[in-house]
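The structure appears below as structure tokens.
In structure tokens form, the structure reads like this:
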């Protein structure tokens, strides 16, 4: 077990007339090595939730456990938690500040107390993980493309060797090619390093393609929790929350309504291709 929340609540302006729940009675367990997608409309509580996972926000009430230890217990090493649960904010390239790429990625490991040599080795490995080679080391991060900056920012977190990597809208503002490259690198990282990944996204296509489990947040509570096929089966309920299913799912339902024996719960292009070909072979 990696992360577990029990009856987690977070309120803004508690005890006042403006009190409002951002999170309400959240019970959640994220297992080691899982690739989790977190979705919800703006204001649903998803960003508030992920900031609880590494202690940036403290719950109003409830418990949060990391590897079996309550992070709210007195004396818990919160700094150590934040190096083990890495959080990459939306537009993380805005946080780049060093003169060159390698120095920027070394910043986290140096603050963990590593020597310059150890930090540089960690930085090199992290940059390799995100697909950036030695030719990028001496470049200013401000000379890079948007997608490359995003990779450097992610590498800066990976260099601290976290057990959990949380990515809040990691493809925001990127073109389709840059988005696919970033997500493919994240999937490769998950497959090779087996670290736990939490992907926050507004793109239903992205979460359907890459994650194994989806949590849907709505008005501070967990509305759905399951595999993509299970969650997107409730596309009408998702629409009422201001969300949707992947376009593939709508297409499958339309084909089924026209009499074609397809799997209407397909969520990816590959799944749609397979079920359509199977349906035509039967005819």
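Residue numbers (the working numbering): 318 to 600.
Note that beta-carbon positions come from the ideal geometry of N, C-alpha and C, so glycine has one too.
Here the structure is a predicted model, which means the values were calculated and not measured.
With three or more CB-CB distances shorter than 8 Å, the region 522-529 counts as touching the region 497-508.
The C-beta separation of residue 469 from residue 418 comes to about 5 Å, placing the pair in contact by the 8 Å criterion. DSSP places residue 328 inside the beta strand (DSSP E), whose first and last residues are 320-329. Residue 534 is bridged by DSSP to 539. Here residue 525 carries a helix assignment [DSSP, helix/strand/coil].
Annotated as distal: residue 548 and residue 539, with beta-carbon spacing of 9 Å or more.
Here the alpha carbon of residue 459 sits roughly 11 Å from the alpha carbon of residue 467.
Within the model, the alpha-carbon separation for residue 366 versus residue 360 is close to 11 Å.
Note on residue 416: under 16 other CB atoms within 10 angstroms of its CB, so exposed under the neighbour-count rule. Within the DSSP secondary-structure output, residue 367 pairs in no beta bridge. Pairing residue 402 with residue 552, the inter-Cα distance amounts to about 32 Å. Put simply, the region 478-489 does not touch the region 445-462. Fewer than three CB pairs are less than 8 Å apart. In this structure, the beta-carbon distance from residue 503 to residue 471 falls below 9 Å.
Residue 353 has its alpha-carbon roughly 30 Å from the corresponding atom of residue 392. In the three-state scheme derived from DSSP, where H, G and I count as helix and E and B as strand, residue 495 is classed as helix.
Residue pairing by DSSP leaves residue 501 without any beta bridge partner. Scanning its chain for C-beta atoms nearer than 6 Å, with the 5 sequence neighbours on each side dropped, one finds around residue 346 the residues 321, in chain order. Proximity to residue 512 across 574, 362, 446 and 438 peaks at 446, based on C-alpha coordinates. When C-alpha distances from residue 589 are compared across 565, 573 and 576, the shortest belongs to 565. With contacts defined as CB atoms closer than 9 Å, residue 342 and residue 324 qualify as a contacting pair. In the DSSP assignment, residue 513 forms a beta bridge with 481.
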